[in-house]
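In this note's numbering, the protein residues as written are 677 to 1130.
We put the CB at the ideal spot given by N, CA and C, even for glycine.
Computed from a predicted structure; not experimentally measured.
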């Protein structure tokens, strides 16, 4: 995840998700309308075969993965799903330095699976230009894209598009949208050659767009409704152009930046977008469900932006699952639309056929993990939830009360953890307690003891 600016004084952050709509040159590659990002930085996910079944049951048209894993690509074979695969960031230098290395990568990671696995896009890296720790790789990005494309052509696989997802922090200015431009350090040296390549090969510019971070960093200046497609009237007026959604403004700033480099007609795909369900300000199931439902509705209706009206924009929702092993803040772990067992975190119709945007919320409770035996860890968490946290309602676990029995530290901590989390989740409270807690969809209530749900 990366942070960039909405108004130039506001720093907007962007990461990963999305739906797909198609400007004319992208139509052949991405014919369905909505896609999903399938990340696997987790230790509790179902097998790739099961995942493919889940994706198909959701009636999703295409899927993006963050590598070229053989098990996943085999599972996707003959599935009817269109697939975007990826060269990892740490492979870019090798591929850029040698056409032979590029040929070998394609021979190993594409040829054995195509066409049974319907690979339509090959992404070279992900948010490369946002990672200053690999700044030496930035200048090698476009050469790597050129080499990969040449390798595909040699194998008569030139229908596979080559691109590289770019985060919103690649913009040096994004407010107002008409002033959008790429950062000076990458605009002419990297982005312009990339756009030239995309134009020449009829490929799309992949943009990771996250209104959540823009809003969460400035909730006093950016309204929540503007961020989740809830505004019915203009919130931002830019000359004669009016914006009712933050996503439109962010997209149009990117389109203007592309135009300023001479490539305003290159197609654009939202390669990641979404909303977290916990871990930060406004990160909750209700907001996530509203954002993604409305995002899918826009995508399937062919709604463009003020600068590209009625132009379908392909979009990948981020993400299929929560990823509990991802580093960083709690928000990094909680973007999934499904639990690992395949049940929905919230109802989301990927076909866009349901007119209602009412939110069906999957009930969740916060309880102690079954394998946690550290009494000191549990006691600290219980004391916080009932005392320092100052919000947990712990009267029910007092002697003689409805949840006193069973009189065990684990049982009492589960009740306290849940009481705290239910009250705090809407404002970003997390179910963690030093790693002692987890979310469950199984109601832990028992006998006369009722675990609250809000």
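Consult DSSP for residue i and reduce its assignment to one of helix, strand or coil.
i            : result
residue 771  : helix
residue 1112 : coil
residue 799  : strand
residue 873  : helix
residue 1094 : helix
residue 905  : coil
residue 684  : Reliability of the predicted coordinates at residue 684 is poor, the pLDDT of 37 falling under 50, and no value is obtained from them.
residue 911  : coil
residue 747  : helix
residue 760  : strand
residue 983  : coil
residue 1125 : strand
residue 1070 : coil
residue 1107 : coil
residue 1119 : coil
residue 1130 : coil
residue 1079 : coil
residue 734  : coil
residue 741  : strand
residue 699  : Summary for residue 699: the model assigns pLDDT 37, below 50, so the residue's position carries little reliability; its value from the coordinates is reported in the next sentence. Of the three classes helix, strand and coil, the one that applies to residue 699 here is coil, per DSSP.
residue 1044 : strand
residue 897  : coil
residue 707  : In this prediction, residue 707 scores a pLDDT of 45, lower than 50, which makes its location untrustworthy; no coordinate-derived value is stated.
residue 752  : coil
residue 865  : helix
residue 890  : helix
residue 724  : helix
residue 879  : coil
Quickly, what does DSSP pair residue i with across the bridge? List them, please.
i            : result
residue 884  : 843, 948
residue 716  : Partner(s): none; residue 716 has no beta bridge.
residue 993  : 712, 949
residue 857  : 849
residue 1014 : 997, 1020
residue 1062 : DSSP output for residue 1062 lists no bridge partner at all.
residue 1029 : DSSP output for residue 1029 lists no bridge partner at all.
residue 972  : None; residue 972 has no bridge partner.
residue 837  : 797
Taking the alpha carbon of residue i as the point to measure from, which residue in the options has its own alpha carbon closest?
i            : options               : result
residue 1118 : 1110, 713, 1090, 762  : 1090
residue 1000 : 968, 928, 1115        : 1115
residue 747  : 730, 726, 767         : 726
residue 882  : 917, 1072, 805        : 805
residue 710  : 950, 1039, 1127       : 950
residue 896  : 957, 952, 863         : 957
residue 723  : 1004, 1017, 843       : 1017
residue 980  : 801, 926, 1124, 915   : 926
residue 820  : 1011, 766, 739, 884   : 766
residue 972  : 898, 1092, 946, 982   : 946
residue 797  : 822, 835, 781, 771    : 835
residue 1096 : 978, 907, 1057        : 1057
residue 1110 : 814, 1098, 1055       : 1055
residue 1087 : 1122, 948, 1009, 1105 : 1122
residue 864  : 781, 1059, 851, 815   : 815
residue 732  : 939, 756, 718         : 756
Would a C-beta distance cut-off of 8 Å place residue i and residue j closer than the cut-off?
i            : j            : result
residue 741  : residue 1026 : no
residue 880  : residue 839  : yes
residue 996  : residue 720  : no
residue 937  : residue 871  : yes
residue 831  : residue 960  : no
residue 1062 : residue 1107 : no
residue 1136 : residue 833  : The question about residue 1136 has no answer, for the chain in this structure spans 677 to 1130.
residue 955  : residue 1006 : yes
residue 778  : residue 827  : yes
residue 744  : residue 728  : no
residue 1024 : residue 968  : yes
residue 965  : residue 1022 : yes
residue 753  : residue 793  : yes
residue 1013 : residue 993  : yes
residue 910  : residue 841  : no
residue 1044 : residue 1093 : yes
residue 919  : residue 982  : yes
residue 1129 : residue 1002 : no
residue 844  : residue 932  : no
residue 771  : residue 823  : yes
Those runs of the beta strand (DSSP E) which lie wholly inside the stretch 915 to 966 and span at least 3 residues: Listed in chain order, they are 917 to 919, 944 to 949.
Length-filtered (3 minimum) beta strand (DSSP E) runs lying within the stretch 788 to 832: Segments of the beta strand (DSSP E) lying fully in the stretch 788 to 832: 794 to 800.
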